[in-house]
Amino acid sequence: MPSDSHTADAGKDGAQEPVTLGDRFEILPSQSIPALDGVAGPAFAARAVRGRKAECFAIICSGQLPPRIDATTMLLTIDNPGLIRFLDQGVIPWGPDGSRRLAMVFERPLGRRLRATLDAVADPMPEDQIQRTVMHSLVPVLKELAGRGITHGSIRPTNLFLREGGGGTGLSFGECASTPPGIGQPAVFETIERAMSEPAGRGTGSPADDLFAFAVTLMFLAFGRNPVQDLDDEALLAARIERGTYAALVGGVRIPTNLIEPLRGLLIDDPKQRWGLNQLDLWISGRRLSPKQAQLLKRASRPLEFAGQDCWHCRGLARLLVRNGGAAAILIDNGELDRWLRRGLSEDVLAESVALAADGTVGGAGKTVIDRKVARVAMTLDPSAPIRYRDKSVMPDGLAVALADAFLRRDGVQPLAEIVAWQLPAFWAGIQAEGGAELVPMVQAFDTLRGLLEKAGTGFGIERVLYEMNPYLHCLSPIVIDYRATSAAELLTALEAAAGRRDRTRDPFDRHIIAFIASRHRHLDDALFILLTTSADPVRTIAAMLTILADIQSRFAVGPLPALCQWLSTLMEPAFMRFHNRPHREIARRQVEKAATDGKLVTLLRCIDDPEAISKDATGFAAARRKHKAIVNETEKLRDIISKPDEITETTGRQVAAIIACVVGVLVAAVLCLMFLVK
Amino acid sequence: MAKRSDGRSRKQSGGGGGGGVAFFVFVVVPAAVFAAPTALLFAVGLVPTFVAAIIDRDPDKSAPMTVGPLNLCGILPFTMEMWRHNHTLTEATRLLGDPFTWMVMYGAAALGWVFYYMIPPMVTGFEVVRWQSRIDSLKSKKVSLIEEWGPEVTFSDEALVRQQQEAAASAANAAARR
Chain R
1 MPSDSHTADA
11 GKDGAQEPVT
21 LGDRFEILPS
31 QSIPALDGVA
41 GPAFAARAVR
51 GRKAECFAII
61 CSGQLPPRID
71 ATTMLLTIDN
81 PGLIRFLDQG
91 VIPWGPDGSR
101 RLAMVFERPL
111 GRRLRATLDA
121 VADPMPEDQI
131 QRTVMHSLVP
141 VLKELAGRGI
151 THGSIRPTNL
161 FLREGGGGTG
171 LSFGECASTP
181 PGIGQPAVFE
191 TIERAMSEPA
201 GRGTGSPADD
211 LFAFAVTLMF
221 LAFGRNPVQD
231 LDDEALLAAR
241 IERGTYAALV
251 GGVRIPTNLI
261 EPLRGLLIDD
271 PKQRWGLNQL
281 DLWISGRRLS
291 PKQAQLLKRA
301 SRPLEFAGQD
311 CWHCRGLARL
321 LVRNGGAAAI
331 LIDNGELDRW
341 LRRGLSEDVL
351 AESVALAADG
361 TVGGAGKTVI
371 DRKVARVAMT
381 LDPSAPIRYR
391 DKSVMPDGLA
401 VALADAFLRR
411 DGVQPLAEIV
421 AWQLPAFWAG
431 IQAEGGAELV
441 PMVQAFDTLR
451 GLLEKAGTGF
461 GIERVLYEMN
471 PYLHCLSPIV
481 IDYRATSAAE
491 LLTALEAAAG
501 RRDRTRDPFD
511 RHIIAFIASR
521 HRHLDDALFI
531 LLTTSADPVR
541 TIAAMLTILA
551 DIQSRFAVGP
561 LPALCQWLST
571 LMEPAFMRFH
581 NRPHREIARR
591 QVEKAATDGK
601 LVTLLRCIDD
611 PEAISKDATG
621 FAAARRKHKA
631 IVNETEKLRD
641 IISKPDEITE
651 TTGRQVAAII
661 ACVVGVLVAA
671 VLCLMFLVK
Chain U
1001 MAKRSDGRSR
1011 KQSGGGGGGG
1021 VAFFVFVVVP
1031 AAVFAAPTAL
1041 LFAVGLVPTF
1051 VAAIIDRDPD
1061 KSAPMTVGPL
1071 NLCGILPFTM
1081 EMWRHNHTLT
1091 EATRLLGDPF
1101 TWMVMYGAAA
1111 LGWVFYYMIP
1121 PMVTGFEVVR
1131 WQSRIDSLKS
1141 KKVSLIEEWG
1151 PEVTFSDEAL
1161 VRQQQEAAAS
1171 AANAAARR
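Just so you know, the protein sequences line up as chains R and U, in that order.
The letter at position 47 of the first sequence is residue 47 when you use this note's numbering, and the numbering goes up by one with no holes.
Quick note: to get this note's numbering, add 1000 to the position in the second sequence (first position is 1).
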């Protein structure tokens, strides 16, 4: 595999030998560092092969979470003491089974993790220390990340490291490269909208989301503990919706006076009113602003009783609706929701929008229609909330990671596919009050994805959508998942490695592999992929697959692939059977065996794709059939003749007797005439 | 072969009557008028052939065709002797009065009957052996054809189409499973 890593004996001795990553770093599998373990996987000691003296560590991604590759190029360029420096990444062989893992190398933090767990109790951090140490260390990082358009996505007390030595103490943010933003983040550190989404579906987020998480982190430090330790995520979210995040987190605890203003400003739930980096910067530089009051959601004059609860506002109701789809559909259809919106909430415009959303559910049947209707109504009631469909709750820009996560967990793919199929992201974009023009590309992209989803055949469908939405995702086919192939060329090498396994499958391709190739190698004709599924002729199927793989091998100059060729040759029996002539079958088999040994897929393809030989065989077969028919006819005729000896006697026998008699008679007569003439 | 015989027999029987009359008018009558001694000798000597012609129900008339030539050979020496020395009715009568003449003429006819009864079974035996050998040869050719082209070479057009359809259906099922 064209990887930037290799190891001398990693495969032999259980990966206890150092594993090198691109000749730049050595990862030491024998030296794990549990204190630095990340959400993506365990941490191990690492060292630079040359030059660098600083200590390093590597996180070996377990592969259970989708990787965050898109931001790594940018993160490599950040050299800020307030952020653990990201040094390198690459796929390495890991473990005795030869499987491969994504490794990410970071500079080792100088101090310990600030909090081991979120529920750890410590002395409250004095406000001047928060101001001098925490803010002065970390706000510049937030600014740099925002300037580069990167979201950290993992800001929390357990991902802060003390920076001791060098004459001062400071803090550093932990790594954020190994997982997509928000995927390992507790809901308390997310805005209400993102907290309502499932972790994998929170999307890329924004610097404003980092700032929100930073404010919650400050609150944890100021209190010295988790202020909402006794509340689970659902209860906390309900409290935040009801009372606002600031009030829900602070509760009745006294907060240092100086921190009230920034925390209140940074934790406002309305994104338009929430403090940004500019306001925080002004505050840090000494300018004091009047504390902002949190704007609560519009409350109805009377509650709507639904699912055993009293709903006072749209956001809370929307959450309940998606959890009780069947009852929600009744509530929508019987007009009770409409009445409550008009009379209880005095929202006639919203009531109209809800009616339109409910009526616009066309197509599908049964439960699907109900789920779609409820999802659309919930979105209309709470436009900034995630798309909530069945048990899924995802931001439109988080759909890609959520889909990858669902595939990796092998659970919950269907609802996500239906979200794309039913164009819910486009509906979500359509009801947003702001950012309409910015959302157009997203809507167009989802429209294209829907086309790919609805196309029949391998190479399309939800797997194709997965790889189109996640351009850096490795192939998730069970055949090659352990080899982390991220390009078509790597896939070939992964298949070559998989071909040597005893437990290999019958076919070296499945829906994932075909969709992966279709999305990563765009030079191929779609008709080839359609042939893989729709052709009833197995020879055409294998020929199409060989054409695809041979094209990749030649285009990317992938070396010989004897094991893969041998694997493919086991599927070529139908190609041999196409020849009626048995000796030619044997010749073709020997040719394929030879081509497989050479490891060239093109040669293999030529063996089965020879129209001249096929035509010659067909002509020969037709002639052989005619010949066989003639033999059968003649044999039957002869059998018929010899089954009636009396007839032979009466016909041929008598004729022969007559002829012999005539000949004898003529001869005797000739002799007599001669004697008569001589005398 | 039997059909061919029947066709020929019809043809011969159809023209037989006319031929017989012509033979009588143009050969027998002139011979009786212009070569009465020879005609007498032939008339008496060819009795076995005439008898064979009458009793043979085969349209091909293989019995007179077998007996006749040899019967004729039996008459020929005496006819030549008569032609050489004295071609008269007296001489013809003398020859007919000699038992040796009768023995030679009818002995030759008897040899014809021997031919008629002995040769056909021998021919049948020979033919059966010959055709059996040909069948064996065809059988080995058939076996080598099947070895080279498979049992499909023996299929009828319908069976071949059916087999191809079954193969296609099976492949389609496999594709669907994929």
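C-beta: ideal position from N, C-alpha, C; glycine also.
Distance, A544 of chain R Cα to L604 of chain R Cα: Distance between the alpha carbons of L604 of chain R and A544 of chain R is about 12 Å.
Bridge-paired residues (DSSP) for G170 of chain R: Answer by DSSP bridge pairing, in chain order: R:R163.
Contact under 8 Å by Cβ, A222 of chain R with I255 of chain R: I255 of chain R is positioned such that its CB atom lies closer than 8 Å to that of A222 of chain R.
Whole-angstrom C-beta distance between L142 of chain R and P186 of chain R, which should lie under 8 Å: That belief does not hold up - the Cβ atoms of P186 of chain R and L142 of chain R are roughly 19 Å apart, past 8 Å.
Under 8 Å by beta carbon: chain R residues contacting V1128 of chain U: Close partners of V1128 of chain U in chain R (Cβ separation under 8 Å): I642, P645 and I648.
Neighbour flag for Q1180 of chain U against chain R, beta carbons, 8 Å: Summary: the structure shown does not reach residue 1180 of chain U, with chain U confined to residues 1001 through 1178, and so no result is reported for it.
Chain U contacts from the stretch 580–601 of chain R (Cβ-Cβ distance under 8 Å): Going along the stretch 580–601 of chain R in chain order, one finds H580, N581, R582 and P583 with a Cβ nearer than 8 Å to chain U.
Any chain R beta carbon closer than 8 Å to D1098 of chain U: Chain R, which has no Cβ nearer than 8 Å to the Cβ of D1098 of chain U, makes this no.
Cross-strand partners of Y389 of chain R (DSSP beta bridge): Y389 of chain R pairs with R:K392.
Short CB-CB distance (under 8 Å) between M1080 of chain U and chain R: A Cβ of chain R is located within less than 8 Å of the beta carbon of M1080 of chain U.
Distance cut-off 7 Å: F161 of chain R Cβ against heavy atoms of the ligand ADP: The ligand ADP is absent from the structure shown, which contains no ligand whatsoever.
Whether A658 of chain R touches T1066 of chain U by CB criterion (8 Å): In contact: A658 of chain R and T1066 of chain U (Cβ atoms closer than 8 Å).
A307 of chain R - containing alpha helix (DSSP H), residue span: Premise fails: A307 of chain R is in no alpha helix (DSSP H) and is neither H nor E.
Rounded straight-line distance, which links the Cα of K272 of chain R to that of E434 of chain R: Taking the straight line joining both Cα atoms gives about 11 Å.
Per-residue DSSP class, three states only, for C56 of chain R: Strand at C56 of chain R.
Neighbourhood of E164 of chain R by C-beta distance below 7 Å, restricted to the same chain and skipping five residues each side: Excluding its 5 nearest sequence neighbours in each direction, E164 of chain R has C-beta neighbours in its own chain below 7 Å: L110 and G111, listed in chain order.
Buried or exposed (CB count within 10 angstroms, at least 16 for buried), I517 of chain R: Per the 10 Å Cβ criterion, buried.
Inter-residue Cα distance where the pair is V682 of chain R and R376 of chain R: Past the edges of chain R, shown from 1 to 679, lies residue 682 of chain R, and the structure says nothing about it.
Spatial neighbours of A489 of chain R in its chain, beta-carbon cut-off 7 Å, leaving aside the 5 residues before and after: For A489 of chain R, the CB contacts under 7 Å within the same chain, skipping 5 residues up- and downstream, are P2, I552, F556 and V558 in chain order.
Cross-chain neighbours of S1062 of chain U in chain R, by beta carbon under 8 Å: Going along chain R in sequence order, the residues near S1062 of chain U (Cβ under 8 Å) are R654, Q655, A657 and A658.
Burial state of L1089 of chain U, where buried means 16 or more other Cβ atoms lie within 10 Å: L1089 of chain U should be labelled exposed.
Helix, strand or coil at Q655 of chain R [DSSP, three-state]: In the structure shown, the three-state DSSP call for Q655 of chain R is helix.
Proximity test, Cβ basis, 8 Å: F621 of chain R and chain U: Taking a beta-carbon distance threshold of 8 Å, F621 of chain R counts as an interface residue toward chain U.
Under 7 Å from the C-beta of E1166 of chain U: neighbouring residues of chain R: Contacts between E1166 of chain U and chain R, judged by CB atoms closer than 7 Å, are missing: the closest CB pair is about 12 Å apart.
T133 of chain R to A116 of chain R span [Cα, whole Å]: So the two alpha carbons sit approximately 19 Å from each other.
Top-ranked residue by Cα proximity to G459 of chain R, from R:R409, R:L524 and R:V440: Comparing Cα positions, the closest option is R:L524.
Distance between F214 of chain R and C176 of chain R (C-alpha atoms, nearest Å): About 14 Å.
Buried versus exposed call for T1101 of chain U [16 or more other C-beta atoms within 10 Å across all chains shown]: With 16 or more other Cβ atoms within 10 Å, it is buried.
contact_flag[the stretch 440–450 of chain R, the stretch 233–244 of chain R] where n(CB pairs < 8 Å) is 3 or more: Between the stretch 440–450 of chain R and the stretch 233–244 of chain R, the count of C-beta pairs closer than 8 Å stays below three; the two stretches do not touch.
7 Å Cβ shell around L452 of chain R - same chain, five flanking residues per side excluded: Closer than 7 Å at Cβ, skipping near neighbours: F460, R464, V465 and E468.
Contacting residues, own chain, Cβ-Cβ under 8 Å from V121 of chain R (five flanking each side not counted): Correct list, in chain order: G224 and R225.
DSSP state of M104 of chain R mapped onto helix, strand, coil: In the three-state reduction of the DSSP assignment, M104 of chain R falls in the strand class.
Buried versus exposed, by CB contacts within 10 Å (16 or more), E190 of chain R: Buried is the call here.
Local Cβ density within 10 Å of S1144 of chain U, reported as buried at 16 or more and exposed below that: Exposed.
Any C-beta of chain R under 8 Å from that of P1048 of chain U: It does not: the Cβ of P1048 of chain U has no partner Cβ on chain R nearer than 8 Å.
Short CB-CB distance (under 8 Å) between V1153 of chain U and chain R: So yes, V1153 of chain U belongs to the interface.
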